[in-house]
């Protein structure tokens with residue numbers, strides 16, 4: 584399952600078409616997400632099934648980080664945002680070793696100013712650490728940095 588890309592299109596099962604897309608790929612201790620909005624409830628349900636497919640082949644028993652590359656839009660319907668909160672809540676049991684979620688999120692993405700606080704609040708309420716960066720290079724550097732500290736069993740200091 585390592586390096587195989589999973590996609591929400593493969594896990595859609597509704598009479599309504601998913602709007603937005605999310606793909607997942609794991610490389611060693613990093614899970615990469617490619618995220619393109621806007622999002623409706625159907626794509627979030629498909630995302631939950633996509634994560635379940637990942638977990639059917641991998642048990643995260645060592646520290647890992649996620650790196651999400653966002654494009655197009657962050658706009659999300661209220662029911663889809665609520666469903667994503669449920670995914671986060673259920674996922675907490677499967678992701679105890681998660682060190683950091685890093686989002687490469689260019690400010691020019693549609694809905695950035697409106698939706699970012701809503702997404703951040705979801706992560707905070709469910710206890711997921713989240714860091715926003717401006718370039719994909721920063722995302723890679725931050726992922727390596729967080730993994731280094733986690734594998735040394737050191738407390739993660741503030742962003743350097």
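In the working numbering, the protein residues as written are 584 to 743.
A virtual CB, placed ideally from N, CA and C, is assigned to each residue, including glycine.
Since the model is a prediction, treat every value here as computed from it, not as a measurement.
Neighbour-count burial assignment, residue i, 16 or more Cβ in a 10 Å radius
i	result
residue 684	buried
residue 614	buried
residue 609	buried
residue 603	buried
residue 633	buried
residue 725	buried
Helix, strand or coil at residue i according to DSSP, with G and I counted as helix
i	result
residue 691	coil
residue 641	coil
residue 725	helix
residue 623	coil
residue 633	helix
residue 705	helix
residue 711	coil
residue 718	coil
Close beta carbons around residue i, own chain, < 7 angstroms, minus the five adjacent residues each side
i	result
residue 703	713
residue 619	603, 604, 654 and 655
Cutoff 6 angstroms; reference residue i; Cβ partners in own chain excluding five residues on either side
i	result
residue 666	624 and 627
residue 733	646 and 682
Whole-angstrom distance between residue j and residue i, CA atom to CA atom
i	j	result
residue 648	residue 658	24 angstroms
residue 678	residue 728	19 angstroms
residue 731	residue 696	32 angstroms
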